[in-house]
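Single-structure report; data block below.
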Amino acid sequence: PIIKPEDVKPSLEGYKVLGAFNPGATRFKDEILLLLRVAEGCEPKAGFIRAPVYRFDKEQSYPDIMEFEKDDLDVSLKDTRGVVYKGQDYLSTISHIRLARSKDGIHFTVEEKPFIYSMDQAERYGVEDARVTYIEGKYYVSYTAVSPDSWATALAVTDDFVSVIRKGLIFHPENKDVAIFPERVGDKFIALHRPNNSGFGKASIWYSESPDLIHWGNHKCIIRPRKNPGPLLYHIHFSSR
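Just so you know, my numbering puts 505 at position 76 of the sequence shown, and the rest follows in order with no gaps.
See the structure below:
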């Protein structure tokens, strides 16, 4: 592996990095950048169940730790992924997006602070699985926003990988794995995405187009799973630059 969990500094004292994976990748100037999904849990504490959370205060947010006494009757373990306290779900891990930089694509330096992290209730349970596309002088980052309303896709844009401008949700729940084409087709931006389907049909790859990267329409299913063995229709990625 080129990056391991122990290579990543926790974003909060009391957190432990459990995974660094599913990166988006791009070139910026003379560097190769990875936008890592960093999953963090809490260091154990005797007699308590601990869960990582984000607190939201006006337009700011910060990571924190929720603690529940193990013998509290209002606490129940959902499964290995979380705990329920007084009817509210808390996850055992929460993710953010962290930058890693390299000159050769092998030796990476991971930045100490998150690049994209939860900022509002639509991202309450974390942000995951960035995909980055260079379009007309800017880098557009689509990522999964996780909340009690399930997962959706949000968009952010940067031109320097120092600051980002958030554009909000662009595909509502349950929809993820969005890949935006690096060039317009005619006057439209194009994306492929994977809405979830728990009713009729199966999860498939859909086509959509947009005039501005925010408002998407003309949705069409273009690839469905085969009945016989074939490729897994899950992640889509376009090289940017």
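For glycine and all other residues, C-beta sits at the position ideal for the given N, C-alpha and C.
Residues of its chain near residue i, where Cβ-Cβ distance is below 6 angstroms and the 5 sequence neighbours each way are ignored
i, result
"Y568", "V561 and T587"
"L465", "A449, P452, R527 and A529"
"N647", "E638"
"L463", "P452, A454 and A529"
Expected contact under 8 angstroms - CB spacing of residue i and residue j to nearest Å
i, j, result
"A585", "I599", "Not a contact, Cβ separation roughly 10 angstroms."
"S571", "I461", "The Cβ separation is near 19 angstroms, so there is no contact."
Boundaries (first-last residue) of the beta strand (DSSP E) holding residue i
i, result
"I461", "E460 to C471"
"F537", "F537 to V539"
"S627", "Element bounds for S627: n/a, residue is neither H nor E."
"I599", "I594 to F600"
"T582", "S579 to T587"
"M495", "Q489 to E498"
"K438", "Unbroken run through K438: none, as it is neither H nor E."
Cβ neighbour criterion (16 or more within 10 Å) applied to residue i
i, result
"P481", "buried"
"A583", "buried"
"I619", "buried"
"P577", "exposed"
"E552", "buried"
"R653", "exposed"
"V512", "buried"
Residue-level contact to chain C via CB, residue i, 8 angstroms cutoff
i, result
"H622", "Among the chains of the structure shown, chain C does not appear; only one protein chain is present."
Sequence-distant residues of its chain with Cβ nearer than 8 angstroms to residue i (five each side left out)
i, result
"P640", "D616, K617 and F618"
Cut-off 7 angstroms between Cβ atoms - residues of its own chain near residue i, not counting five sequence neighbours on either side
i, result
"P602", "D578, S579, W580 and A581"
Given 8 angstroms as the limit, is there contact between the region 471-491 and the region 435-452, that is, 3 or more CB pairs closer than that? yes
Okay, do the region 556-572 and the region 536-547 touch, 3+ Cβ pairs below 8 angstroms being the bar? yes
If contact is defined by three or more beta carbon pairs under 8 angstroms, each pair taking one atom from either stretch, is the region 484-493 in contact with the region 505-522? no
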